[in-house]
Amino acid sequence: MTDSPQEKPDKPAARMPRRRRQQRLMLAALIVPALTGAIGLAVIAIGQSQVYFYPPRDLPSASELGGRTVRLGGMVVEGSIQQGLETDTSFKVTDYEKTVTVVTSDMLPGLFGENQGVVVQGTLAQDGTFVAARVMAKHDENYMPAEVADALEDSGRLEDYKNKGLVD
Amino acid sequence: MKMLAFLANPDRFRRLTGPALPVAGLLAAGLILAGAVWALGFSPADRVQGEAVKIMYVHVPAAWMAMAAYAFIAVASLVGYVWRHSLADIAAREAALPGFVFTLLALVTGSIWGRITWGVWWDWDARMTSMLALLFIYAGYMALWRAIENEGQAARAAALLAMVGAINLPIIKFSVDFWETLHQKASVIRADGPSMPASMLWPLAIMALGYTALFAFYVMLRMHTVILEKRRDARARPARAASTATISHPAPAGPDPSSPGQGEHA
Chain R
1 MTDSPQEKPD
11 KPAARMPRRR
21 RQQRLMLAAL
31 IVPALTGAIG
41 LAVIAIGQSQ
51 VYFYPPRDLP
61 SASELGGRTV
71 RLGGMVVEGS
81 IQQGLETDTS
91 FKVTDYEKTV
101 TVVTSDMLPG
111 LFGENQGVVV
121 QGTLAQDGTF
131 VAARVMAKHD
141 ENYMPAEVAD
151 ALEDSGRLED
161 YKNKGLVD
Chain L
1 MKMLAFLANP
11 DRFRRLTGPA
21 LPVAGLLAAG
31 LILAGAVWAL
41 GFSPADRVQG
51 EAVKIMYVHV
61 PAAWMAMAAY
71 AFIAVASLVG
81 YVWRHSLADI
91 AAREAALPGF
101 VFTLLALVTG
111 SIWGRITWGV
121 WWDWDARMTS
131 MLALLFIYAG
141 YMALWRAIEN
151 EGQAARAAAL
161 LAMVGAINLP
171 IIKFSVDFWE
181 TLHQKASVIR
191 ADGPSMPASM
201 LWPLAIMALG
211 YTALFAFYVM
221 LRMHTVILEK
231 RRDARARPAR
241 AASTATISHP
251 APAGPDPSSP
261 GQGEHA
């Protein structure tokens with residue numbers, strides 16, 4: 001009656017038949033890798049057949065796409081942004097191999113700008129212009145304090161950092 | 001394994017982690033407060049993102065902890081599944097809620113950050129999708145624990161789910177390298193060292209440590225509570241059941257009107 005759980009053997013493992021423990025270990029060692037392997041392969045297969053965005057060089061032609069909505073990603077070409085009051089915005093997206101002209105009436109995100117990464121979603125017109133319904137700015141993984149960047153720019157050394165791939 | 005068997009004793013566990021509990025709690029409060037003040041008040045604005053970069057100090061540690069908590073659950077599940085340490089099962093179960101909350105926090109803050117910088121609340125790129133999958137795995141894991149009444153069976157089923165679901169962790173981590181994504185690549189945990197200045201890295205590290213302490217505090221506190229609850233329930237049970245009961249397979253808590261003699265199958 002006064003038996004309390006404190007007095008139970010403190011190693012549950014020691015009470016268990018060794019064989020059953022090994023069976024469970026074997027089971028876990030078979031089932032878990034098998035299922036994770038299956039899921040992993042499925043993910044790889046999906047990854048190979050699906051692209052999140054095309055760089056300009058991989059963008060299929062308008063007839064190949066057949067009006068399908070796709071994403072195009074790359075850098076906004078310097079000096080290519082044309083914004084009118086009444087007209088749509090247009091700019092060029094490049095992967096430094098090929099360049100595609102993009103037209104959009106979507107609002108441009110805060111980080112959108114020349115030499116910045118961009119992902120646009122829309123359709124490719126027959127004349128090779130990409131009509132984007134959605135414009136997303138992409139930024140890279142490099143962080144730099146604004147003051148440091150200004151100081152580097154003043155001393156003309158920002159380019160060095162760009163060349164080293166520290167900033168873009 | 002010796003260490004595991006040593007800690008599997010609930011009393012020893014409580015004795016050893018008892019003093020760590022207030023330490024973890026105070027560390028969590030202190031570090032998160034210090035990290036938040038440093039991040040918001042003194043860390044610099046980013047060259048490209050401006051002040052919006054400060055969402056990072058909440059978002060990134062939350063995402064790290066979402067994955068770390070899951071890794072913890074997967075390891076504890078393996079130990080609980082193979083060696084039947086019921087404390088490991090409890091540890092895995094109790095880590096799920098904070099893991100879920102960290103995942104949700106990462107998704108929500110990421111969405112706000114994305115709206116400010118990318119211009120969209122959400123897009124189905126590999127990083128965001130795999131992180132959403134993690135949220136669903138957490139939800140499914142917690143639901144599975146509650147769906148099976150027998151605690152031993154629930155522990156085994158949940159452990160298998162947790163171990164298989166661990167495949168999502170490398171998918172999340174490397175999603176930005178395997179595929180083209182809207183999300184940027186890793187800035188801190190990467191081969192060439194952090195692509196972030198110390199003035200940003202320090203408050204980020206302090207926040208991450210604070211989140212870790214908070215997680216440890218919560219899981220230990222819950223484990224202590226569960227151990228004490230089980231003991232109380234074991235005492236309240238009829239003598240015969242109590243004498244055969246072990247801490248590892250107690251009756252389901254709460255009265256069950258359909259079967260008054262419940263709990264003796266343990």
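Going line by line, the protein sequences match chains R and L. Last residue of the first sequence: 168 (the UniProt record's numbering), numbering continuous. Last residue of the second sequence: 266 (the UniProt record's numbering), numbering continuous. We put the CB at the ideal spot given by N, CA and C, even for glycine. Model, not experiment: these values are computed from the prediction.
query                                                                                                                                                                                           : result
Would A20 of chain L pass as an interface residue toward chain R - the criterion being a Cβ-Cβ separation below 8 angstroms?                                                                    : no
Where does K92 of chain R fall in DSSP's three states?                                                                                                                                          : strand
Taking 8 angstroms as the CB-CB limit, is N142 of chain R close to chain L?                                                                                                                     : yes
Distance check for A137 of chain R and D177 of chain L, CA to CA, integer angstroms please.                                                                                                     : 18 angstroms
Looking at the structure shown, is L16 of chain L part of a helix, part of a strand, or coil, going by DSSP?                                                                                    : helix
If you measure from the CB of S175 of chain L, is any heavy atom of the ligand FMN nearer than 7 angstroms?                                                                                     : Absence of the ligand FMN is noted for the structure shown, with no ligands found whatsoever.
Could you confirm whether any beta carbon from chain L is found closer than 8 angstroms to the beta carbon of P60 of chain R?                                                                   : no
Could one say the Cβ of A28 of chain R lies closer than 8 angstroms to chain L's Cβ atoms, at least one of them?                                                                                : yes
Can you tell me whether N115 of chain R is buried or exposed? The criterion is at least 16 other CB atoms within 10 Å of its CB, across all chains shown.                                       : exposed
If you measure from the beta carbon of A146 of chain R to each beta carbon in chain L, is any gap under 8 angstroms?                                                                            : yes
What three-state label does DSSP hand P44 of chain L in the structure shown?                                                                                                                    : coil
Given a cut-off of 8 angstroms on the beta-carbon distance, is the pair residue 277 of chain L and L111 of chain R in contact?                                                                  : In the structure as shown, chain L starts at 1 and stops at 266, and residue 277 of chain L therefore has no counterpart that could be examined.
How close, in whole Å, do the beta carbons of A159 of chain L and A92 of chain L come, if the pair is a contact with beta carbons under 8 angstroms?                                            : 7 angstroms
Leaving aside the five residues before and after W121 of chain L along the sequence, list all residues of the same chain whose C-beta is less than 7 angstroms from its C-beta, in chain order. : S111, G114, R115
Suppose the cutoff is 8 angstroms on Cβ atoms and the five residues either side in sequence are ignored; what does the same chain contact list for N168 of chain L look like?                   : Y70, S130, A133, L134, I137
Considering only the beta carbon of each residue, do A39 of chain L and P203 of chain L sit closer than 8 angstroms?                                                                            : yes
Run down chain R in chain order and give the residues with a C-beta less than 7 angstroms from the C-beta of S111 of chain L.                                                                   : Within 7 angstroms Cβ-Cβ: nothing; S111 of chain L doesn't reach chain R, min ~13 angstroms.
Check whether the Cβ atoms of T104 of chain R and V135 of chain R sit closer than 8 angstroms, and answer yes or no.                                                                            : yes
Would you tell me roughly how many angstroms separate the C-alpha atoms of L104 of chain L and L31 of chain L, rounded to the nearest one?                                                      : 21 angstroms
Sort L:A29, L:V101, L:T181, L:A162 by Cα distance to A88 of chain L and report the nearest one.                                                                                                 : L:A162
From V164 of chain L to V101 of chain L, what does the alpha carbon distance come to, in whole angstroms?                                                                                       : 21 angstroms
Can you tell me the Cα-Cα spacing of T99 of chain R and W124 of chain L, whole angstroms?                                                                                                       : 25 angstroms
How long is the line joining the alpha carbons of T117 of chain L and R231 of chain L, rounded to whole angstroms?                                                                              : 52 angstroms
Just grab the DSSP bridge partners of A236 of chain L for me.                                                                                                                                   : Note: A236 of chain L sits in no beta bridge, so no partner.
I need the boundaries of the beta strand (DSSP E) containing V108 of chain L, first residue and last residue.                                                                                   : First-last for V108 of chain L: 86 to 117, but that is the alpha helix (DSSP H), not the beta strand (DSSP E).
If the cut is a Cβ gap below 9 angstroms, which residues of chain L does residue 170 of chain R touch?                                                                                          : Residue 170 of chain R falls outside the range modelled here, since chain R spans only 1 to 168, and no answer is possible.
Where do the ends of the alpha helix (DSSP H) carrying Q48 of chain R lie?                                                                                                                      : 18 to 49
Using a Cβ-Cβ cut-off of 8 angstroms (strictly less than) and excluding sequence neighbours within five positions of L21 of chain L, which residues of its own chain qualify?                   : F217, M220, L221, H224
Less than 8 angstroms separating the beta-carbons of Y52 of chain R and E180 of chain L?                                                                                                        : yes
Can you check DSSP and say which residues form a bridge with G73 of chain R?                                                                                                                    : R:V119
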